[in-house]
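Novice: Those protein sequences? They're chains A and B, same order as listed. Going left to right, the first sequence walks through residues 15 to 98 as my numbering numbers them. Going left to right, the second sequence walks through residues 722 to 1088 as my numbering numbers them. Questions regarding the structure given below will be posed in turn.
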Amino acid sequence: MCLAIPSRIVEIKDRMAVIDVDGVRRECSLLLLEDAAVGDWVIVHAGFAISRIDEEAARETLSLLREAAALAGGAPGGEPPAGE
Amino acid sequence: MATRHSAEYRDRHLVQELSSRIRRLSRRPLRIMEVCGTHTVSIFRHGIRSLLPETITLLSGPGCPVCVTDTAEIDAAIELARRPGVVIATFGDLLRVPGSRSSLERERAAGCEVRIVYSALDAVALARQTPGREVVFLGIGFETTAPTVAAAVLAARQAGLGNFSVLCLHKTVPPALAALTAAGDLRIDAFLLPGHVSVVIGRRAYLPFFERTRLPCAIAGFEPVDILQAVAALVAQAETERPQVENVYRRAVAEEGNPAAQRVLAAVFEPADARWRGIGVIPASGLEIREAYAAFDASRRFPLELAPAPEPRGCSCGEILTARKTPPECPLYGIRCTPSDPVGPCMVSSEGTCAAYFRYHDASAGG
Ligand code: SF4
Chain A
15 MCLAIPSRIV EIKDRMAVID VDGVRRECSL LLLEDAAVGD WVIVHAGFAI SRIDEEAARE
75 TLSLLREAAA LAGGAPGGEP PAGE
Chain B
722 MATRHSAEYR DRHLVQELSS RIRRLSRRPL RIMEVCGTHT VSIFRHGIRS LLPETITLLS
782 GPGCPVCVTD TAEIDAAIEL ARRPGVVIAT FGDLLRVPGS RSSLERERAA GCEVRIVYSA
842 LDAVALARQT PGREVVFLGI GFETTAPTVA AAVLAARQAG LGNFSVLCLH KTVPPALAAL
902 TAAGDLRIDA FLLPGHVSVV IGRRAYLPFF ERTRLPCAIA GFEPVDILQA VAALVAQAET
962 ERPQVENVYR RAVAEEGNPA AQRVLAAVFE PADARWRGIG VIPASGLEIR EAYAAFDASR
1022 RFPLELAPAP EPRGCSCGEI LTARKTPPEC PLYGIRCTPS DPVGPCMVSS EGTCAAYFRY
1082 HDASAGG
């Protein structure tokens, strides 16, 4: 029942959002999510946005993982490991 | 097709690195239970078991909301569907779940009105469009779905609808975790906690359960990297004997969860005992509609007898849901019970363990 893939909000009207799910437009309710804005990536469940993706947490997780992969000698994926 | 925030978490190099990290770290046997149907499917689809060392066993628990819906609850829905003037609105995956004698699909074929909706708000819209009919929405699902149904109840009240009600069959996850660990014969060493239930209830909601059991716990997303990262976290906790409730799905799950969803849920529902298929009654593991919203409660408006009903003959769903058996150990599996002709709910729902096993088993070594 969970749509595991996040969708992006492209339009908001009256606490309803138009979302883009992999190129397909759908509607979802914003009644359960405070302060949603156009451009946010959200998780949608049974027609309601229930969470906003925290971009900073996402970046941090990935750079830690890539760093660990680089240290372990594996070829880094997609991007070079973050250098901070 | 994967998009941003999912493609990165399928990166093959990261998957390989996590897999070898787990192999390096893992010494002692670890039995990890996932309690989320979306995890179950993802583990099969991505062949996660084949990436893990022999020390690690992944057990599928009662994480599919359709599968844990009790036979008697399906019977109640069927009884409602048969009443004149009633339109049942439901998520599609409940249609084929067998009750003790029939299913909603069969009732629909026999002339009852059963409509599939995508959202509980669609059921409210249906009630608005059909003022002469009683629209009863079947409220199933865990904490992820319950707030959406609560929001629909609030919307129905605001619209002044007198013909919308909910048959509330919702269940909640933390009490089930406690019941599973209390079952003496089930050896569970660690929990992979559900991603989107946690989105709503937050990491904090697991702490009382954790304090009692001190079992390693990790909240995980649904992509291969998410799941492997959580397994690596659980292995590290177990090997160092430093259990905790670790949130490895930080991009979606906050410490406090989603406060708006919690508020809506608590406004409409309160905890109640609930019967889980194959497990039995677990105290305070369900939700019921508060007195203030009694007008929207189908069980108050249409009093029903919820007599306990047996599972379909020969079906081992009870043992499957508690990981006491794997699907091939059910004598009906693949012979009398297949996704096109299912006997039990675990084969009906695409998130059911039997259905996932049937669909993906050949691709996933070690089942
Ligand atoms: S294979 Fe079918 S009959 Fe057996 S436990 Fe699974 S759903 Fe039930």
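Beta carbons: idealized from backbone N, C-alpha and C, even for Gly.
(1) Taking the beta carbon of E794/B as the centre, do at least 16 other beta carbons fall within 10 Å, making it buried, or is it exposed?
(2) Can you tell which of V736/B, Y730/B, R745/B and V789/B has its C-alpha closest to the C-alpha of P774/B?
(3) Residues in its own chain within less than 8 angstroms of L46/A by CB, not counting five upstream and five downstream?
(4) Give the secondary structure of C889/B by DSSP, where H, G and I count as helix, E and B as strand, and everything else as coil.
(5) Short of 7 angstroms Cβ to Cβ, which residues in the segment 51 to 65 of chain A face chain B?
(6) So, does the CB of H917/B fall closer than 8 angstroms to a CB anywhere in chain E?
(7) List the DSSP bridge partners of R996/B.
(8) In chain A, which residues lie with their C-beta within 8 angstroms of the C-beta of H726/B?
(9) Name the chain B residues whose beta carbon is nearer than 8 angstroms to that of A86/A?
(10) At the 8 angstroms Cβ level, is P868/B part of the contact set with chain A, yes or no?
(11) What are the start and end residues of the beta strand (DSSP E) that includes R1011/B?
(12) Does at least one heavy atom of the ligand SF4 sit under 7 angstroms from the Cβ of M1068/B?
(13) Answer yes or no: does any C-beta atom of chain A fall closer than 8 angstroms to that of Y839/B?
(14) By the criterion of Cβ-Cβ separation under 7 angstroms, what are the contact partners of V921/B in chain A?
(15) Give me the Cα-Cα distance between V985/B and F1023/B, rounded to the nearest whole angstrom.
(16) Please confirm if A82/A has its CB atom under 8 angstroms from at least one CB of chain B.
(17) Tell me the residue span of the beta strand (DSSP E) that contains T811/B.
(18) By DSSP, does G1039/B sit in helix, in strand, or in coil?
(19) Since E25/A meets chain B, which of its residues come closer than 8 angstroms, beta carbon to beta carbon?
(20) Within 8 angstroms of any Cβ in chain B, is that where the Cβ of S77/A sits?
(21) Mind pulling the chain A residues with CB within less than 9 angstroms of A939/B?
(22) Which of the three DSSP states, helix, strand or coil, is assigned to H734/B?
(23) When you compare only the Cα positions, how much space is there between L735/B and L85/A?
(24) Would you say the beta carbon of V787/B is closer than 7 angstroms to some non-hydrogen atom of the ligand SF4?
Specialist: According to the structure shown:
(1) In the second sequence, the residue the question calls residue 794/B occupies position 73. E794/B is buried by the Cβ-count criterion.
(2) Translated into the one-based positions of the second sequence, residue 774/B becomes position 53. Among V736/B, Y730/B, R745/B and V789/B, the Cα nearest to that of P774/B belongs to R745/B.
(3) Position 32 of the first sequence holds residue 46/A. Contacts found: F62, A63 and I64.
(4) The count along the second sequence starts at 1 and reaches residue 889/B at position 168. Strand, per DSSP.
(5) W55, I57, H59, A60, G61, F62, I64 and S65
(6) This model lacks chain E altogether, as its protein chains are A and B.
(7) Counting from 1 along the second sequence, the entry for residue 996/B is found at position 275. In DSSP, R996/B forms a bridge with V1002/B.
(8) As a first step, residue 726/B must be located in the second sequence, where it is residue number 5. I19, P20, W55, I67 and A72, listed in chain order.
(9) In the first sequence, the residue the question calls residue 86/A occupies position 72. Within 8 angstroms Cβ-Cβ: E738, S741 and R742.
(10) On the second sequence, position 147 is the one that residue 868/B refers to. So yes, P868/B belongs to the interface.
(11) Translated into positions along the second sequence, residue 1011/B becomes position 290. Here R1011/B belongs to no beta strand (DSSP E), and DSSP marks it neither H nor E.
(12) Taking the first residue of the second sequence as position 1, residue 1068/B is located at position 347. Yes, the Cβ of M1068/B comes within 7 angstroms of a heavy atom of the ligand SF4.
(13) Your numbering for residue 839/B matches position 118 in the second sequence. So yes, Y839/B belongs to the interface.
(14) On the second sequence, residue 921/B is found 200 positions in, with the first residue counted as 1. In chain order: I64.
(15) Numbered from 1 along the second sequence, position 264 holds the residue referred to as residue 985/B. Numbered from 1 along the second sequence, position 302 holds the residue referred to as residue 1023/B. The straight-line gap from Cα to Cα measures roughly 24 angstroms.
(16) Position 68 of the first sequence, counted from the start, is the residue given in the question as residue 82/A. Judged by the 8 angstroms Cβ criterion, A82/A is in contact with chain B.
(17) Against the second sequence, residue 811/B aligns to sequence position 90. From DSSP, the beta strand (DSSP E) with T811/B extends over V807 to T811.
(18) Stepping through the second sequence from its first residue, residue 1039/B is reached at position 318. It is helical.
(19) Position 11 of the first sequence, counted from the first residue, corresponds to residue 25/A. In chain order: nothing, as chain B lies at least about 18 angstroms away.
(20) Counting from 1 along the first sequence, the entry for residue 77/A is found at position 63. Cβ-Cβ to chain B under 8 angstroms: no for S77/A.
(21) Here residue 939/B refers to the residue found at position 218 of the second sequence. Correct list: empty, because the minimum Cβ distance to chain A is about 13 angstroms.
(22) To locate residue 734/B, count along the second sequence from 1; it is residue 13. If DSSP states are grouped into helix, strand and coil, H734/B belongs with the helices.
(23) Translated into positions along the second sequence, residue 735/B becomes position 14. Translated into positions along the first sequence, residue 85/A becomes position 71. Approximately 12 angstroms between the Cα atoms of the pair.
(24) Residue mapping note: residue 787/B aligns to position 66 of the second sequence, counting from 1. No, the beta carbon of V787/B sits no closer than 7 angstroms to any heavy atom of the ligand SF4.
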